[in-house]
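Q: Before anything else, here's the structure in question.
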Amino acid sequence: MDDESHDDHGDHLTDSRNLSTFHLNILTAENKARARETIQIHEITEDEFIKYFPELAKWVQGLPDDTF
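Counted from 1, the sequence shown has number 5 at position 6 by numbering that gives the first Met the number 0; the numbering is strictly sequential.
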């Protein structure tokens, strides 16, 4: 990702620690509701998530639909 693309989803994920936490939280989410919560906490829109994190978006698609 170049610097311009970071501006589209906020500076909070340009820090490698925040980005690592985001990835870990998505990969350990037990269902789509938890993944969606993580995306919202990091202030990323669904479109930005799909555009900038396509591999994670595919991962989330495979999660169960269970809610909290």
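The beta carbon of each residue, even a glycine, is placed where N, CA and C say it ideally should be.
Which of the three DSSP states, helix, strand or coil, is assigned to D2?
A: Unreliable positioning characterises D2 in this predicted model, as indicated by a pLDDT of 44, which lies under 50. The coordinate reading is nonetheless provided below. Helix.
Q: Between S15 and N30, what straight-line distance do the alpha-carbon atoms span, to the nearest angstrom?
A: Straight-line Cα distance between these residues: approximately 25 Å.
Q: Secondary structure at H41, three-state DSSP: helix, strand or coil?
A: Reduced to three states, the DSSP call for H41 is coil.
Q: Give the C-beta separation of F21 and T44 to the nearest angstrom, bearing in mind that I take them to be a contact with Cβ-Cβ under 8 Å.
A: Not confirmed; about 14 Å, so no contact.
Q: As a quick exercise: from I49, V59 and E47, pick the residue whose alpha carbon is nearest that of L23.
A: Checked all of I49, V59 and E47; the closest Cα to L23 is V59.
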